[in-house]
Amino acid sequence: EGVAALEVPSLGKVARFAVPALGVYLASPTMSLVDTAFVGLGDSGGLELAALSPGTALCDTLVLFFNFLWVATTGLVASASGDAREKTARVRTAMHGAMYAASLLGVALAIFLATQSPAAMAFMGVDPAVIAPAAHYIAIRGAAMPFQLVGMACNAGMLGAGDSKASLLITLAAAAVNLVGDWLLCPKTGIVGAAWATAASLVVYCALQILAAWRKGMLPRSAACLSGGEGRQGGQAGSPLSLLRPPSRGTVAAFMGYCGPYSFAMSTRVIGILAVASAAARLGATPLGAHQVLGSLFFFLACWGEPLGQTAQSMIPPLVRRGAGAGLSPKSSAAVRSLIGLLARVCIGVSVLLGLAGSALLGGFPGFFTSSAEVAGELLRLSPMMAVVLVFSCINVLIDGILLSLRDMRALIAITSCTFSVQMACLLLGLPDMLGLVGVWCA
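Residue 91 in the numbering used here sits at position 84 of the sequence shown, with consecutive numbering throughout.
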């Protein structure tokens with residue numbers, strides 16, 4: 008390999024990829040944040056705002072269980088090798104497998120949310136007064152889960168191919184649909200209108216993602232590609248109906264290489280998020296409403312650091328692949344270290360900015376999220392904690408991206424297990440009982 012082939016991406020190239028990549032991460036938290044603002048401003052009693060907390064917790068965090076699918080799709084597309092036809096065939100096969108799995112998982116998740124959300128909220132210790140409105144929100148938004156998961160699978164593949172510009176435009180379009188829907192529906196129907204607006208925006212999001220991937224040539228043009236014949240067919244014949252064919256055993260095996268270790272890591276994080284939501288729910292309606300605002304703002308701002316991890320997953324594998332033999336050559340090893348150093352420096356700056364932004368929004372503009380004076384007081388009290396949580400969250404995202412790009416699943420599991428143990432210890436030792444919502448966010 009020549010030195011040019013192992014050239015480290017510049018800061019400008021990283022920025023051109025990372026900034027538009029925000030789209031894939033901002034979709035869901037943006038919609039939840041918009042829902043929170045519209046419902047909170049029209050709900051002086053705070054009941055529907057409190058109901059949004061378990062509603063968005065179940066809808067948003069359960070999606071994290073399937074993050075292994077997005078990670079696998081990005082990894083398989085980014086590491087695709089061979090000549091032009093072979094690489095195209097491998098990319099299309101990976102995309103087909105991801106979209107097929109996303110469709111099935113989305114339907115299963117929709118059924119679970121429609122039938123089991125009241126029981127799940129009761130298990131979490133949610134106030135019975137908010138279970139009914141939360142269940143209505145979950146059932147409506149849950150019906151759009153297949154569209155959300157398929158859209159995210161498409162976007163993950165496009166990011167793996169190095170195309171992040173379409174993500175931002177598509178997310179802006181979906182967010183606009185959600186914003187207009189909330190503006191039209193929330194004043195009359197409250198939390199139910201917010202759910203319909205979000206569901207409609209997710210359908211638009213999915214449709215635009217599929218269209219973008221199809222136009223980019225990343226989806227199968229014929230059933231031949233699913234059995235290894237894409238190169239011979241040239242990808243000209245067929246229709247999107249070829250996506251309905253189940254993936255091959257080889258494709259399933261490739262995804263399973265990511266599935267086991269990363270599913271464990273994500274499961275501990277989802278359990279941790281739900282445990283924190285459950286602890287907040289036991290504190291009463293006012294702390295729960297404040298926790299909903301805190302959670303929505305946290306997930307929204309934390310997503311601004313996610314492109315750093317995605318950049319590592321998309322840019323490090325090509326450098327590793329170009330190394331001689333099975334391991335890293337000295338040149339590619341130096342290139343990987345240089346890229347990691349660049350991403351780390353950017354991460355420090357971004358994490359500090361996010362922490363300051365979160366603290367400033369809560370401390371200076373609590374009325375933007377709620378009309379309740381009690382909830383606003385809680386937000387003001389938690390503003391310094393938000394800054395600390397956002398800084399460490401951004402750093403953790405980059406570490407995850409680096410470990411995933413290097414396929415170091417053992418280190419990922421070890422780090423995740425350690426952080427999960429500390430979090431559970433804080434909750435079990437009664438920190439929320441002693442410090443209230445501050446204790447919840449300390450955990």
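Even for Gly, the Cβ is constructed at its ideal location relative to N, Cα and C.
Reference residue i; option with closest CA among the options
i: residue 390; options: 409, 367, 431, 377; result: 367
i: residue 135; options: 450, 364, 290, 343; result: 290
i: residue 196; options: 70, 140, 153; result: 140
i: residue 317; options: 347, 304, 293; result: 347
i: residue 401; options: 422, 182, 357, 411; result: 357
i: residue 320; options: 164, 305, 150; result: 164
i: residue 38; options: 220, 209, 177; result: 209
i: residue 157; options: 414, 205, 447, 106; result: 106
i: residue 58; options: 131, 102, 75, 327; result: 131
i: residue 4; options: 355, 351, 327, 272; result: Because the chain in this structure spans residues 8 to 450, residue 4 falls outside the shown range and cannot be described.
i: residue 19; options: 349, 412, 191, 275; result: 349
Which of helix, strand or coil DSSP assigns to residue i
i: residue 130; result: helix
i: residue 271; result: helix
i: residue 225; result: coil
i: residue 310; result: coil
i: residue 440; result: helix
i: residue 318; result: helix
i: residue 23; result: helix
i: residue 413; result: coil
i: residue 16; result: coil
i: residue 255; result: coil
i: residue 113; result: helix
i: residue 424; result: helix
i: residue 304; result: helix
i: residue 242; result: Unreliable placement is indicated for residue 242, whose pLDDT of 41 sits below 50; the coordinate value is still reported in the next sentence. In the structure shown, residue 242 sits in coil (DSSP, three-state: anything other than H, G, I, E or B).
i: residue 379; result: coil
i: residue 290; result: coil
i: residue 262; result: helix
i: residue 372; result: coil
i: residue 142; result: helix
Contacting residues, own chain, Cβ-Cβ under 7 Å from residue i (five flanking each side not counted)
i: residue 193; result: 45, 46, 49, 200, 201
i: residue 180; result: 211, 215
i: residue 443; result: 290, 294
i: residue 170; result: 223
Beta-carbon proximity list for residue i, same chain, < 6 Å, skipping 5 on both sides
i: residue 393; result: 365, 366, 369
i: residue 63; result: 39
i: residue 362; result: 394, 397, 398
i: residue 280; result: 68
i: residue 436; result: none
Spatial neighbours of residue i in its chain, beta-carbon cut-off 8 Å, leaving aside the 5 residues before and after
i: residue 449; result: 392, 433, 438, 442
i: residue 187; result: 204
Interface flag, residue i vs chain B, CB-CB below 9 Å
i: residue 99; result: Looking at the structure shown, chain B is missing, and only one protein chain is on hand.
Report the start-end ranges of each alpha helix (DSSP H) in the segment 50 to 104 that is 4 residues or longer and not cut off at the edges. 54 to 70, 74 to 85
Which residue spans inside the segment 156 to 227 form an unbroken alpha helix (DSSP H) run of at least 4? 172 to 196, 198 to 222
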